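Beneath this line is the structure, given in structure tokens, with notes to follow.
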Amino acid sequence: MHRPVFRFAPSPNGFLHLGHAYSALLNARMASEAGGRLLLRIEDTDQTRSRPEFVQAIFEDLAWLGLDWEEPVRIQSQHFADYEANLARLWEMSAIYPCFCSRKTALGHALPTCDPDGQPHYGGFCRALRRSEAERRVTRGDTHGWRLDMERLGDGEARQWGDAMIAKRRVGSSYHIAVVTDDALQGVTLVVRGQDIEPATPLHKLLQRLLALPTPHYLHHQLIRDSAGQKLSKSLDSTSLRQLRAAGTTAEDIRRKLGFA
Ligand code: GLU
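In this note's numbering, the protein residues as written are 6 to 266.
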């Protein structure tokens, strides 16, 4: 029998908070109940936001919580070639196109509608470039990202994202292409993650379909909120596990508070 494969995949752009603890503990419990495996993946493709000390802190905080994961841990920044290979396949089938617009220019070409993140839909300026011209500019080394060509791809649920950027300028990859590539490469069968990411799932399923990758089962769990009912977030500096620990909270307290006692 194949053992189900779960993963916890944080981005090291801040310290883990209670919301991450919930997600990690839930993955661990489901994996253990199902006789499955639990992988840890570090999603650090955005090197402008990721920091090595946050990677280290992820290992420490999860170990402190009493979690165990398989080694080696996949660190996305060491695998850009895998994401580029999938981007090349998508470009080959004209599912994506290179976009040379800066953020500001893209906004100038924006549609009045917005994607689920509240970002204006891109107006498709670079979609209209001839392929030979686009290829020439890519080869010449013009800075570019890659966008899905939703006009061509039809009208599934992913369309609400418009021509989503799946590889960012200068970063060379993005969360979407990296997460889909890695879930497949690592044989992940059950993706358990927060409801905040649920709107991105149709986009991930579209990429899986295009790349002929298996689609895992998805389960989006509730988000842990602070006492004011706000979603916890690294950027809001929500009470991190380290702060709680420094203030005398034990791992057992956290498990109990989150319903894993
Ligand atoms: N790396 C993402 C985050 O920290 C989660 C990715 C996922 O679970 O699909 O928000």
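C-beta: ideal position from N, C-alpha, C; glycine also. Since this is a predicted model, take the numbers as computed values, not measurements.
- Nearest in C-alpha terms to F20, of all of T254, R174, Q248 and A266, is Q248.
- The beta-carbon distance between L158 and A100, rounded to whole angstroms, is 6 Å. This is short enough to meet the 8 Å contact definition.
- Residue state for V176 is assigned as coil, using DSSP reduced to three classes.
- Going by DSSP, V143 is part of the alpha helix (DSSP H) stretching over R136 to R145.
- The region 79-92 makes contact with the region 174-182: 3 or more CB pairs, one atom from each, lie closer than 8 Å.
- With a cutoff of 7 Å, E48 counts as near the ligand GLU, since its C-beta is closer than that to a heavy atom of the ligand.
- Bounds of any alpha helix (DSSP H) do not take in W151; it lies within the beta strand (DSSP E) bounded by G150 to L153.
- Take the alpha-carbon of V184 and the one of T254: they are about 33 Å apart.
- Ranked by how close their Cα comes to the Cα of D231, the residues T186, R198, K262 and C119 have K262 in first place.
- Judged by pairs of C-beta atoms under 8 Å, the region 182-200 touches the region 34-53, as three or more such pairs exist.
- Here L153 is buried, its C-beta having at least 16 other C-beta atoms within 10 Å.
- Per DSSP, I202 lies in no beta strand (DSSP E) segment and is marked neither H nor E.
- Put simply, of D73, W166 and S16 the residue whose alpha carbon is nearest the alpha carbon of S37 is D73.
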